[in-house]
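All you need for the numbering used here is the position in the sequence shown, starting with 1, plus 1455.
Note that beta-carbon positions come from the ideal geometry of N, C-alpha and C, so glycine has one too.
Computed from a prediction, not measured in an experiment: that's the story for all the values here.
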Amino acid sequence: MKLRFLFVISSLLVLSQWGCKKDSSPNWIYCQECGADQWVGTYNGKGDYYKNSDSSNVVNIETRLEIEKLYGNVLSISVVAQDVYQTSFTASKDDNEYFINMPGSGKSLYLTLTQSGDQYRVTGVTKVYHWKYAADTTLVIDHRLGFEVVRSE
């Protein structure tokens, strides 16, 4: 009886640990006190691209984000998805928020900056769109790129 009990207990312990795996991924936190200088750099990663004209989707496309400081707190932002999409923005980063939000009449950009130790990651969405005026007004998204990129040093 004792042997059976020990076998059951040891089996339960083995099974409970079977699916456990140490999480070695970085612990990303929002960069709450990051000014314009912390955003500057070249970031590489993957994105998902959608093009409305032919309803095409490209998943896990190589994506590059370049952020340069022009002067003061003014940033030049360029987003490129390998061979299918490219857009650029100029933004003023006067606060120490962890995000950049640039709505516009024909295109928009939303970025969030997270940090893990000395690594920086940006997740974002950029869209190009137009308004379709008819009996009811509709916003039509022409291009959309959602991405996650990490700064390369």
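- Message: In whole angstroms, give me the CA-to-CA distance for residue 1607 and residue 1573.
- Response: Using only the alpha carbons, I get a separation of about 11 Å.
- Task: Evaluate residue 1526 with the Cβ neighbour count: other Cβ atoms within 10 Å of its Cβ, from every protein chain shown; 16 or more gives buried, anything less gives exposed.
- Result: Result: exposed.
- Query: Whose CA, out of 1538, 1511, 1498, lies closest to the CA of residue 1523?
  - Reply: The shortest Cα separation from residue 1523 among 1538, 1511, 1498 belongs to 1498.
- Query: Taking 8 Å as the CB-CB limit, is residue 1591 close to chain C?
  - Reply: Among the protein chains of the structure shown there is no chain C, as only one such chain exists.
- For residue 1524, the residue or residues it bridges with in DSSP: Beta-bridge pairing links residue 1524 to 1530.
- Message: Quick check on DSSP: helix, strand or coil for residue 1492?
- Response: Helix, per DSSP.
- Alpha-carbon to alpha-carbon, residue 1562 and residue 1528: Per the coordinates, the alpha-carbon of residue 1528 lies some 22 Å from the alpha-carbon of residue 1562.
- Query: Which term fits residue 1569, buried or exposed, when burial requires 16 or more other beta carbons within 10 angstroms of its beta carbon?
  - Reply: With 16 or more Cβ atoms within 10 Å of its Cβ, residue 1569 is classed as buried.
- Item | Helix, strand or coil at residue 1510 [DSSP, three-state] | Coil.
- Beta-carbon contacts of residue 1534 that lie in its chain and below 6 Å, excluding the five residues immediately before and after: Cβ contact annotation for residue 1534 (same chain, cutoff 6 Å, sequence separation greater than five): 1520, 1542, 1581, in chain order.
- Message: Which of the three DSSP states is assigned to residue 1546 in this structure?
- Response: In this structure, DSSP gives residue 1546 an extended state, which the three-state scheme calls strand.
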